[in-house]
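Down below is the structure, laid out as structure tokens.
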Amino acid sequence: MKDTPLSNCERDFILKAIEEKKRLDGRQTYDFRRIKITFGTDYGCCFVDLGKTRVMAQVSCELVAPKESRPNEGIMFFNIELSPMASPAFEQGRQSELSVKLNRQLERCLRNSKCIDTESLCVVAGEKVWQIRVDVSMLNNDGNLMDAASVAAITALCHFRRPDVGIQGDEVTVYSPEERDPIPLSIYHMPISISFSFFQQGTFLLVDPCEREERVMDGLLMIAMNKHREICSIQSSGGIMLLKEQVMRCSKIAAVKVSEITELISKALLNDRTARKAGGRCGFAESMPQERITALKTDETLMETSDVTERANDIVEKAGAPPQTVPSPLVPAPGVGQVSQGQQNTWGLQEEDEDDDDDDDEQNGKETKMETEPQEEEKGAGDVVEISDSEEEEVVILTSETSGQAKNADSSSHQKRAAASKRRPKK
Amino acid sequence: MAADMRLPRVRKTLSVSESASHRRDLVVPGDIITSDTGFMRGHGTYVDDDKLTASVAGEVQRVDKLICVRPLKTRFNGEVGDVVVGRITEVQQKRWKVETNSRLDSVLLLSSVNLPGGELRRRSAEDELTMREYLQEGDLISAEVQSVFSDGALSLHTRSLKYGKLGQGVLVQLSPSLVKRQKTHFHNLPCGASVILGNNGFVWLYPTPGQQEEEAGGFYTSLEPVSLADREVISRLRNCLLALAAHKVLLFDTSLLYCYESSLQHQVKDILKPEVMEEIVMLTQQKLLEQEG
Amino acid sequence: MAGLELLSDQGYRLDGRKATELRKVQARMGVFAQADGSAYLEQGNTRALAVVYGPHEMRGSRSRTLHDRAAINCQYSMATFSTAERKRRPHGDRKSTEMSLHLKQTFEAAIMTQLYPRSQIDIYVKILQSDGGNYSVCVNAATLAVIDAGIPMRDYVCACSVGFVDETPLADLCYAEESVSSLSVALLPRGGQIALLQMDARLHQDHLEALMEAAMTACKGVSKVLDEVVRQHLQEAAVLNVCP
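Chains as they are written, first to last, in UniProt numbering: chain X, 1 to 427; chain G, 1 to 293; chain F, 1 to 244.
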């Protein structure tokens with residue numbers, strides 16, 4: 001499915017916001033989104049959340065014949081799948097430009113930097129070596145797939161355990177995980193890629209672009225480093241022109257970010273290891289957050305109440321005489337009423353008895369003051385029934401026999417007061 | 001059958017003494033032409049930091065306050081009034097798309113062609129449906145540029161009896177910068193053939209028509225067999241064109257004629273040999289200089 | 001690869017060059033009459049042919065026309081006889097597609113595409129002999145071809161690959177040196193702007209600056225050579241009678 005193009009006003013908005021150093025999600029220029037790493041039940045399966053971007057990596061191994069040019073080295077194979085699950089723009093099976101780009105970058109980042117000791121993967125030189133295969137699947141695309149993929153891949157490789165192999169003379173035995181504990185891969189260092197996006201011909205720079213920012217960017221610079229401050233790969237893409245100073249600055253920022261992320265990965269690996277040792281539950285299902293409603297909370301809004309009195313007075317004075325009402329409905333029991341058309345107000349406001357109390361209450365300052373209330377209560381004392389043409393609902397205030405009940409709720413609104421003032425409650 | 005073989009050898013550059021007399025201002029992309037802001041910038045230049053910089057490799061042409069750089073080789077940039085020879089690539093609704101060696105395909109509107117029979121009426125829906133009978137994909141036409149669209153595409157018209165579908169003949173495709181701009185591009189050469197020198201570099205050689213086909217309106221192509229003498233003349237002219245183009249000589253009717261005369265002593269197929277080409281071109285250039293001077 | 005001394009004590013490399021010396025560059029423009037622009041470039045033992053068609057009407061998928069600029073279409077391929085072992089798949093594999101994308105990106109930055117809306121420019125590059133520095137040679141050859149076609153560019157695009165051995169930057173790598181470490185830079189010399197930056201190797205961050213400086217100096221050297229080639233070609237190919 002073709003990607004819907006970004007509207008011009010959205011594009012202008014994002015660019016303008018970037019000029020004012022604001023990002024859509026409120027981050028700073030050099031901030032990463034929240035990274036969350038979880039592991040699956042198998043060794044070598046790892047999920048990485050970078051904000052809303054979600055990526056899964058799985059490592060598997062297999063004994064194969066080695067390449068002729070390198071008979072005593074193992075083989076590393078990387079594959080990134082852009083599944084349509086991640087974004088409707090990705091098509092199943094078609095090797096789009098983005099997928100080629102990501103695959104090559106991941107290969108260069110991990111393979112050319114020699115982060116894994118491939119010679120230790122050799123079982124029988126020239127005949128059998130381990131082929132380690134890393135499959136990365138994109139589960140949700142919210143920008144910056146490359147960084148998420150690199151973190152996922154290297155974490156999965158660190159997490160992975162391969163079966164132990166025993167060699168007796170000419171015989172090679174591969175032990176299953178039950179017979180002998182699987183052994184981890186020997187990893188020299190952990191290269192992590194950091195993406196920098198450039199806007200307005202290189203004037204503005206953002207780290208970790210989200211999907212919207214990616215759509216408006218001019219170009220991308222990807223720097224892969226490890227925590228020893230060794231640069232493993234640099235790749236600039238998109239049609240931007242860079243200056244040497246910009247590249248140097250980006251590499252310094254990348255060094256800082258990489259050390260943070262490496263720490264996060266080590267912590268996550270450690271947690272997982274302790275969890276497994278303790279026999280705790282681990283796996284994908286555990287990592288999904290439960291959605292629970294714990295409380296219903298409403299926000300408080302502050303209201304400007306300094307000139308409310310005058311406004312209220314004006315409204316009341318301009319209001320005509322309150323219309324006469326229909327006969328009061330049946331009141332089956334005290335405090336019970338019906339809320340429907342033409343019925344009485346069932347909020348249980350007792351006006352006459354509580355006016356004085358209300359006045360005192362209202363001194364506390366939050367509610368609106370209706371000093372004119374006592375006056376209004378005198379009006380409308382007649383018993384004449386008028387059937388008016390007004391469509392307004394008649395509000396009837398229901399009072400119970402027991403006058404001591406203070407049914408007045410805290411957050412009484414202006415309307416209730418007005419309604420109360422319009423009608424004289426009738427028994 | 002004798003086959004001609006030659007080994008590669010070092011190309012010797014055609015040393016032309018005349019070039020020393022023309023001291024041209026040759027620039028390459030990125031060269032600063034002037035820092036004076038009083039000049040207007042034309043094609044082939046851009047302004048970078050208040051400095052006028054060249055964006056193509058070629059010679060600088062200065063006309064009063066206008067500076068432009070003309071590249072050596074470029075696609076055809078049409079102007080109103082140019083005569084072009086083109087090939088129909090598409091038949092669309094109410095228009096044809098014509099390939100003319102420019103950066104976008106040119107457009108020939110249905111309302112810009114003469115109806116067969118020379119009628120003057122409004123084009124109807126039936127005319128639209130029978131467009132393919134007038135011109136099909138692959139047909140060659142000669143036309144004139146009527147206007148230029150905003151994105152650079154040309155709008156052509158064939159509203160004259162000398163334009164229209166081309167019949168039997170030979171097409172030679174050359175660079176547009178080699179064709180000299182003249183008053184007329186249709187020439188009947190005295191050697192017995194006619195030529196259309198399209199401004200877009202396409203040159204059409206055809207036997208001189210016996211009598212004018214008035215009623216056809218340019219759509220009737222005569223399929224009568226062409227005589228052997230005419231064919232030889234046309235072949236010789238074609239090879240002369242290729243020789244002139246290889247040595248970057250400006251093409252117009254006189255230069256083509258001189259080249260033809262200089263080549264008469266060789267056989268038609270020998271003209272394509274490099275040393276014969278050189279000889280002929282040298283003779284042509286001499287004659288042209290004599291004529292000028 | 002033990003035993004291959006990439007940089008000897010006296011400062012000589014495998015092929016006898018000094019650390020910052022470039023290989024011999026020979027180039028020719030206008031090799032094909034059929035194409036709008038063409039060029040052939042040799043840098044040491046690496047040879048490439050570049051051909052440019054355009055700008056012309058968009059062929060193929062009409063949906064890819066850009067309404068405000070020209071679309072650039074690059075294809076990189078290696079001849080099957082270009083490497084020591086015969087190449088099974090000359091184009092279509094991941095490395096070639098990636099190279100094509102990089103070339104496209106490089107030229108999109110340099111060619112003034114706003115002048116040609118809704119058209120397409122095709123750049124085809126073929127490596128005839130590969131001995132390191134493939135990308136750089138392709139870019140240099142394609143620059144010459146684009147100039148030959150008369151397509152306006154902001155500036156030359158020159159590329160060079162540099163490596164880092166024994167604390168010394170080496171310019172213009174050959175195949176043996178490339179497998180150790182390589183940084184490729186495509187530069188527009190006058191403004192010092194980098195159109196493409198690509199590095200595959202482990203390099204400590206402190207050395208990055210020195211390496212980039214070396215790369216930019218090498219690119220400027222290449223640009224001087226290309227400049228000479230273009231000016232020579234201009235002189236030779238100038239039309240004899242000037243059009244009014």
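Glycine included, every Cβ here is placed at the ideal spot set by N, Cα and C. Every value quoted in this text rests on a predicted model; they were computed, and no experiment measured them.
- Scanning X:Ile14, X:Phe204, X:Cys158 for the CA closest to the CA of X:His189 turns up X:Cys158.
- It is roughly 23 Å from the alpha-carbon of X:Leu106 to the alpha-carbon of F:Tyr175.
- At a Cβ-Cβ threshold of 7 Å, F:Gly150 and F:Glu178 do not count as neighbours.
- Residues of chain F whose Cβ lies closer than 8 Å to the Cβ of G:Tyr46 are, in chain order, Met112, Pro152, Arg154.
- For X:Gly239, the neighbours in chain F by C-beta distance under 7 Å run, in chain order, Gln105, Glu108, Ala109.
- Among the residues of the stretch 52 to 86 of chain F, those with a Cβ less than 8 Å away from any Cβ of chain G are Gly54, Pro55, His56, Glu57, in the order of the chain.
- Setting aside the 5 residues that flank it on each side, X:Ser233 is surrounded in the same chain by Arg108, Cys109, Ala224, each with a C-beta closer than 6 Å to its C-beta; the list follows chain order.
- Between G:Leu104 and G:Ala153, the gap from beta carbon to beta carbon is short of 7 Å.
- Listed in chain order, the beta strand (DSSP E) runs fully inside the stretch 48 to 134 of chain G are 51 to 54, 58 to 63, 66 to 71, 83 to 92, 95 to 99, 106 to 109, counting runs of at least 3 residues.
- Around F:Asp200, the beta-carbon contacts reaching into chain X at under 7 Å are Arg108, Asn112, Ser233.
- Within the stretch 142 to 155 of chain G, those residues whose Cβ lies closer than 7 Å to any Cβ of chain F are, in chain order, Asp151.
- In this structure, X:Ala86 sits away from X:Met146, with a CB-CB distance that is not shorter than 7 Å.
- Taking all protein chains in view, the Cβ of X:Lys244 is crowded by 16 or more other Cβ atoms within 10 Å, so the residue is classified as buried.
- Taken in chain order, the members of the stretch 242 to 258 of chain X whose beta-carbon sits within less than 9 Å of a beta-carbon on chain F are Leu242, Leu243, Lys244, Gln246, Val247, Met248, Ser251, Lys252, Ala254, Ala255.
- Note that the C-beta distance between F:Gln43 and F:Val137 is below 7 Å.
- Residue state for G:Pro176 is assigned as helix, using DSSP reduced to three classes.
- With a minimum length of 4 residues, the unbroken runs of alpha helix (DSSP H) contained wholly in the stretch 132 to 164 of chain X fall at 145 to 159.
- DSSP places G:Asn239 in the uninterrupted alpha helix (DSSP H) bounded by 228 to 246.
- Between the C-alpha atoms of F:Ile121 and F:Val51 there is a straight-line separation of about 11 Å.
- In this structure X:Val100 touches F:Thr97 by the C-beta definition: roughly 5 Å separates them, less than 8 Å.
- Neighbours of G:Val60 in chain F, taken as residues whose beta carbon is under 9 Å from its own, are absent, since the nearest beta carbon is some 12 Å off.
- Less than 7 Å divides the Cβ of F:Asp172 from the Cβ of F:Arg23.
- Nearest neighbour of G:Leu189 by Cα position, chosen from G:Leu251, G:Leu256, G:Lys248, G:Pro225, turns out to be G:Leu256.
- For the pair G:Leu205 and G:Val170, the CB atoms are nearer than the 7 Å cut-off.
- Among the residues of chain F, those whose CB is under 7 Å from the CB of G:Ala57 are Ile147, Val230, Leu234, following chain order.
- In this model, X:Val124 and X:Asn103 are separated by some 30 Å (Cα to Cα).
- Sequence-ordered contacts of the stretch 25 to 47 of chain G with chain F read Leu26, Val28, Pro29, Gly30, Gly44, Tyr46 [C-beta pairs closer than 8 Å].
- A Cβ-Cβ contact shorter than 7 Å links G:Ser142 with G:Tyr163.
- A Cβ of chain G is located within less than 7 Å of the beta carbon of F:Ala237.
- Runs of the alpha helix (DSSP H) spanning 4 or more residues and lying entirely within the stretch 191 to 260 of chain X occur at 211 to 216, in chain order.
- Between the stretch 6 to 13 of chain X and the stretch 210 to 228 of chain X there are three or more C-beta pairs closer than 8 Å, enough to call the two in contact.
- When C-beta atoms of the stretch 214 to 228 of chain F are compared with those of the stretch 64 to 71 of chain G, fewer than three pairs fall below 8 Å, so the two segments do not count as touching.
- In the three-state DSSP reduction, F:Asp36 falls in the coil class, being neither helix nor strand.
- Residue burial annotation: G:Phe149 is exposed, with fewer than 16 other C-beta atoms found within 10 angstroms of its C-beta.
- Residues of chain G with a Cβ closer than 7 Å to the Cβ of F:Tyr116 are, in chain order, Arg103.
- In this structure F:Leu196 is buried. Its beta-carbon is surrounded by 16 or more other beta-carbon atoms within 10 angstroms.
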